Amino acid sequence: MTTLLTILIGLCGAVVAYLLSFPAWVLLGPALATSIASLSGLPLAIARPVRDIGFIVLGLGIGAGFDPQAGGVLLRWPLAFVVLAGALVVTMILCRAVLVRGFGFDSRSATLAAAPGHLSFVLGLATDLNIDVARITVVQSIRLLFLTISVPFIAVAMGYDFSDLVLSGDAPLPMISLAGLVVASICVGLLFSRLRFPAPLLLGAMMVSALGHVTEATSGAVPEMLLTPAFLILGTMIGTRFVGMTRHQFASSLLAGLSTTLVAVIITTIAAVPVAAALGMPAAHVLAAFAPGGLETMIALGATMAASPGFVAACHVARLMILIVLIPLMLGRRVRA
């Protein structure tokens, strides 16, 4: 019943966002509606099987965007990774300074709260170091929510039209092919989970679908009647991060979260524009790839903009790998100081 209530609230949010002509309405509407409901005290949650099904469907839909020519620009991607690494360093330094000087964070808490993503890793470090986990969680959750809201609007300002969320114009996959991809996705996703990959089912399904389409072993798109509910589930999951959080906790950290989100988005936008020009990509596509957090959300959002799914996913996985090294380095430096 909890999952059903959560999805119904998310659906209501999606309808309102659609009527208001919000970009990426099926993500933004549920995220906002469930965030408000969670902060009102409702015990919302998405059951793990439902979440996993949503991730598999999204991964298959995104992977269908690959084709036999998809690897033609691979050799140019390292430029993006270098710029992304630099942007992450600048983002963490400036966001940490904002939290320390503007909101009274100690240096270690500020470093973890300033990290643009990899929440599970951040909270693990906070627990080990006996740092205020609750405050860091609030700031990070606010960052993800407002990142989800801001990126589509910035993409619109850059000229992108979110008129629909169709990932591919191809004919739907035959049911037998779709069933085979689902089974293969589960197997690869479980392997990725054992290897501690981020979003293992999403990335596993995406890889399976991409390989099938690149090798032309399969062809066709995931039906929109499956993709739209999967997007809605992803949007509702963002709002459920606020379950158990009091309105006082949210309000007391709101400005800190908004400030760090603003700094991170500005730096990301500045970094994305020249990379887009160098790679011959739309700036909105690179913005989704460079977005400071929300791996699952930004990969899905990038796919709705017809961005290269491999490029967006590679940038977000690279971001997490960079943060695994960068966060402990910055913590160590502050501890020695």
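Quick note: the sequence shown uses my numbering, first residue 24, plus one each step. Backbone N, C-alpha and C fix where the C-beta goes; we use that ideal spot for every residue, glycine too. Keep in mind that this is a model prediction, so the values were computed, not measured.
Pairwise C-alpha distance: residue j and residue i
i      : j      : result
Ala287 : Pro351 : 19 Å
Ala294 : Thr114 : 11 Å
Val340 : Ala120 : 26 Å
Val237 : Gly88  : 9 Å
Leu55  : Ile172 : 9 Å
Phe104 : Leu122 : 27 Å
Phe45  : Gly355 : 43 Å
Leu346 : Trp48  : 30 Å
Arg270 : Ser63  : 8 Å
Leu250 : Leu281 : 31 Å
Gly212 : Leu225 : 7 Å
Ser130 : Val245 : 47 Å
Proximity winner among the options, relative to residue i (alpha-carbon distances)
i      : options                        : result
Ile32  : Ile177, Pro72, Ile256          : Ile256
Leu28  : Ala47, Val39, Leu43, Thr57     : Thr57
Ala222 : Glu319, Leu34, Phe334, Ala47   : Glu319
Met229 : Pro332, Leu218, Pro197         : Pro332
Ile79  : Ala68, Phe254, Ala330          : Phe254
Arg74  : Thr259, Val335, Leu135, Met304 : Thr259
Val206 : Leu83, Val39, Thr26            : Leu83
Thr26  : Thr263, Phe104, Ile322, Ile59  : Thr263
Gly86  : Gly355, Phe334, Leu346         : Phe334
Met321 : Thr134, Met24, Leu34, Val174   : Val174
Phe176 : Gly36, Cys35, Ala40, Leu302    : Ala40
Pro252 : Leu81, Gly127, Arg217, Ala274  : Leu81
Met181 : Met304, Leu148, Leu142, Gln272 : Met304
Phe169 : Ala279, Ala336, Leu43          : Ala279
Leu196 : Phe144, Gln272, Thr241, Leu43  : Thr241
Residues near residue i in its chain [Cβ-Cβ closer than 7 Å; skip 5 each side]
i      : result
Phe313 : Leu107, Ala110, Thr291, Ala294, Ala295, Cys338
Leu277 : Ile165
Phe220 : Leu226
Cβ separation of residue i and residue j, assumed to be a contact under 8 Å, to the nearest whole Å
i      : j      : result
Tyr183 : Met328 : 6 Å
Arg166 : Gly325 : Between Gly325 and Arg166 the Cβ distance is about 18 Å, and since that is not below 8 Å, they are no contact.
His308 : Ala323 : About 14 Å; that fails the 8 Å criterion.
Ser61  : Phe265 : 4 Å
Leu204 : Gly235 : 6 Å
Leu102 : Val298 : 7 Å
Gly36  : Pro53  : 5 Å
Residue(s) in a DSSP beta bridge with residue i
i      : result
Pro195 : Ala244
Cut-off 6 Å between Cβ atoms - residues of its own chain near residue i, not counting five sequence neighbours on either side
i      : result
Ala194 : Gly243
Own chain, CB closer than 8 Å to residue i, minus 5 neighbours either side, in chain order
i      : result
Thr283 : Cys118, Val121, Leu122, Ala136, Ala137, Val162, Arg166
Leu67  : Thr25, Leu28, Thr29, Ile32, Thr57, Ala60, Ser61, Thr259, Gly262, Thr263, Val266
Leu38  : With the sequence shown as reference, residue 38 is identified as Val, and Leu is not the correct amino acid for it. Closer than 8 Å at Cβ, skipping near neighbours: Gly52.
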